[in-house]
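Each remark here refers to the structure printed beneath this line.
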Amino acid sequence: MAPSAIPTNPTSHNIASLLPKLSDPDSDIRYMTLNDMHAMLEIGAPTFLQHDYTVCAKVVEGLLTTLTDGNGDVQNMAIKCLGPFVNKAPETILCPTIEKVSNIQAQNSIDNTIPALAVRAIAVALPHPVQGVARTAKVTEAYNAVSKALIPRLIGKVVVPIPNGKSMPPPPKGMLEVDLETGSDSNSLDLLVEVARCYGPMLQAAEVEALEQVSMQVLESEKCGTVMKKKAVTALAALAPFFNDNLLASHVSYTIEQLRQSHLTSQQRKLYITVYGSMARAVPQKFGPYLRTLAPFVLAPLSEMELEQQGESEAEANGERDTEMEEVREAALVAIESFLQT
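Counting in the numbering used here, the sequence shown runs from 903 upward without gaps.
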């Protein structure tokens, strides 16, 4: 296939001319078409798509089709196109794009991570707030799209009501709600982490609280595996800088109550202690006042009493080592190291 000539100053018509090829039966042609589209989106003037909503809507439909392509290379190139596209497209298409991309069903692919990866590409590419720099209209527009479309898709509910009292249909089941039901990792937690990292300073208190709650649900889920629980710890650490005083106090109080439960498993205990260590590193000044309260719970696994109890239990189990308790002890040591640096 001969390489296409990319115009030095592409127009919306150049983009439109590529769209029919996205349905070509040859996967190589679909891939090269997306590659050409990506090049045009990268070099195009900042406003070259701003006034052609019709072409932009057709681009979204073309990308939706290729995101569910049976060819993995085509899918990946479609994801790569999303970032430069949303930065050149009119602001009015941001929310519909996020909603549609997050709702795709990859019927021809066994990869259930495509929606989260695609929305993550959008979130990372959009303008972010930068500390000490005045927020532009573009940054505000990007946050508004995250608030109105992305966060509701993650958690399955509208957190911040739409201004002017407009009534909107409820969002579909949240991406993380599906993960919690199935125990599968769709990479939606990675998307949550990027939302916190990119837009944390702009998130409203209700949004931070909702994201904290769903992260805790994953942490405590019986269906979700070790990898997802580690991601939940990362998510909580990413959100922690944006906790207000009430949310931080509530989080600490809740986890203390859980650690006091007699039926607490070693795995759960390890996770709560790991969260303490991660949050101490993430927000040392805010977390510092809680160290005196939390220290007994973190030091307990290292006590002589618990060591003796473990020895007795292992003796009754014919010398079989309690590896889960050793993991709790390791988490406690790591948390203490974080506490000492706070």
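For each residue, glycine too, the CB sits at the ideal point set by N, CA and C.
Are the C-beta of Tyr1178 and some C-beta of chain B separated by less than 9 Å? Given the protein chain composition of this structure (a single chain), no chain B is represented.
Below 8 Å, how does it come out for the stretch 1034-1041 and the stretch 997-1007: are there three or more Cβ pairs, yes or no? At 8 Å Cβ cutoff, the stretches do not touch.
Where do the N-terminal and C-terminal ends of the alpha helix (DSSP H) with Met942 fall, by residue? The sequence position of residue 942 within the sequence shown is 40, counting from 1. Start and end: 929-945.
Roughly how many whole angstroms lie between the Cα atoms of Ile1053 and Asn1089? Reading the sequence shown from its first residue, position 151 is the one you call residue 1053. Reading the sequence shown from its first residue, position 187 is the one you call residue 1089. Within the model, the alpha-carbon separation for Ile1053 versus Asn1089 is close to 14 Å.
Nearest-angstrom beta carbon gap, Gly964 and Leu921 [assumed within contact, 8 Å]: To locate residue 921, count along the sequence shown from 1; it is residue 19. To locate residue 964, count along the sequence shown from 1; it is residue 62. Confirmed, about 5 Å.
Short Cβ contact (9 Å threshold) for Leu1113 with Val1135: Numbered from its first residue, the sequence shown carries residue 1113 at position 211. Numbered from its first residue, the sequence shown carries residue 1135 at position 233. Not closer than 9 Å, so no.
Look up Thr1244 in the DSSP assignment and say whether it is helix, strand or coil. Walking along the sequence shown from the start, residue 1244 turns up at place 342. In the structure shown, Thr1244 sits in coil (DSSP, three-state: anything other than H, G, I, E or B).
Terminal residues of the continuous alpha helix (DSSP H) containing Cys997? Position 95 of the sequence shown holds residue 997. Element bounds for Cys997: 996-1004.
Between Ile1057 and Val1116, is the Cβ-Cβ spacing less than 9 Å? Translated into the one-based positions of the sequence shown, residue 1057 becomes position 155. Translated into the one-based positions of the sequence shown, residue 1116 becomes position 214. In this structure, Val1116 lies closer than 9 Å to Ile1057 by Cβ.
Limits of the alpha helix (DSSP H) - the one that Pro1073 falls within: Residue mapping note: residue 1073 aligns to position 171 of the sequence shown, counting from 1. No alpha helix (DSSP H) contains Pro1073, which DSSP labels as neither H nor E.
Taking only the alpha-carbon atoms, compute the straight-line gap between Asp926 and Met939 and give it to the nearest angstrom. For the purposes of this step, residue 926 is taken as the residue at position 24 of the sequence shown. For the purposes of this step, residue 939 is taken as the residue at position 37 of the sequence shown. Rounded to whole angstroms, Asp926 to Met939 spans 15 Å at the Cα level.
Would you mind reading off the limits of the alpha helix (DSSP H) that contains Phe987? Residue 987 sits at position 85 when you count from the first residue of the sequence shown. It spans 974-990 - the alpha helix (DSSP H) in which Phe987 sits, taken as one unbroken run.
Residue range of the alpha helix (DSSP H) that Ser914 falls in? Taking the sequence shown and counting its residues from 1, one reaches residue 914 at position 12. For Ser914, the enclosing alpha helix (DSSP H) stretches over residues 914-920.
Determine the direct distance from the alpha carbon of Ala1023 to that of Ile945, and round the result to whole angstroms. On the sequence shown, position 43 is the one that residue 945 refers to. On the sequence shown, position 121 is the one that residue 1023 refers to. Distance from the CA of Ile945 to the CA of Ala1023, rounded to the nearest whole angstrom, comes to 18 Å.
Given 8 Å as the limit, is there contact between the stretch 1209-1217 and the stretch 1162-1172, that is, 3 or more CB pairs closer than that? Below 8 Å, too few C-beta pairs join the stretch 1209-1217 and the stretch 1162-1172 to call them touching: fewer than three.
Tell me whether Lys960 sits in a helix, a strand or coil according to DSSP, three-state version. The count along the sequence shown starts at 1 and reaches residue 960 at position 58. Correct three-state label for Lys960: helix.
Tell me which residues share the same chain as Ser1180 and place their Cβ nearer than 7 Å to its Cβ, disregarding the 5 neighbours each side in the sequence. Within the sequence shown, the letter at position 278 stands for residue 1180. The beta carbon of Ser1180 sits closer than 7 Å to those of Val1135, Leu1138, Ala1139, all from its chain and outside the five residues before and after it, given in chain order.
At the level of alpha carbons, what is the spacing between Pro1031 and Tyr1101? Position 129 of the sequence shown, counting from 1, holds the residue named residue 1031. Position 199 of the sequence shown, counting from 1, holds the residue named residue 1101. One C-alpha to the other measures close to 7 Å.
Boundaries of the alpha helix (DSSP H) in which Ala1195 is found, first to last residue: By one-based count along the sequence shown, residue 1195 stands at place 293. Ala is not the amino acid found at residue 1195; the sequence shown has Thr there. For Thr1195, the enclosing alpha helix (DSSP H) stretches over residues 1193-1201.
Since I believe Leu1193 is in contact with Phe1241 (beta carbons under 8 Å), could you give me their beta-carbon distance rounded to a whole number of angstroms? By 1-based counting over the sequence shown, the position of residue 1241 is 339. By 1-based counting over the sequence shown, the position of residue 1193 is 291. In this structure, Phe1241 and Leu1193 form a Cβ contact; the two beta carbons are roughly 5 Å apart against a cut-off of 8 Å.
Comparing C-alpha positions only, which one of Cys983, Gly1190, Val1060, Cys1126 sits nearest to Asp1081? Here residue 1081 corresponds to residue number 179 of the sequence shown, with the count starting at 1. Check the Cα spacing between Asp1081 and each of Cys983, Gly1190, Val1060, Cys1126: the tightest is with Cys1126.
Assuming Leu1028 contacts Val976 under a Cβ cut-off of 8 Å, what Cβ separation, rounded to an integer in Å, is found between them? In the sequence shown, residue 1028 corresponds to position 126, counting from 1. In the sequence shown, residue 976 corresponds to position 74, counting from 1. Val976 and Leu1028 do not touch by the CB rule: their CB atoms are close to 24 Å apart, not below 8 Å.
Closest by C-alpha distance to Pro1073, when choosing among Glu1083, His953, Val1061, Ile1238: Against the sequence shown, residue 1073 aligns to sequence position 171. Closest option to Pro1073, judged by alpha-carbon separation, among Glu1083, His953, Val1061, Ile1238: Val1061.
One question on the structure: do Tyr955 and Ile995 come within less than 9 Å of each other, judged by their Cβ atoms? For this step, residue 955 is matched to residue 53 along the sequence shown. For this step, residue 995 is matched to residue 93 along the sequence shown. The answer is yes: Cβ separation under 9 Å.
Reducing DSSP to helix, strand and coil, say where Ala904 ends up. Within the sequence shown, residue 904 is the residue found at index 2, counting from 1. Confidence at Ala904 is low in this model, with a pLDDT of 44, below 50, so the placement of that residue is unreliable and no value is reported for it.
Confirm, please, whether the CB-CB distance from Met1077 to Leu1093 is below 9 Å. The residue you call residue 1093 lines up with position 191 of the sequence shown. The residue you call residue 1077 lines up with position 175 of the sequence shown. Closer than 9 Å, so yes.
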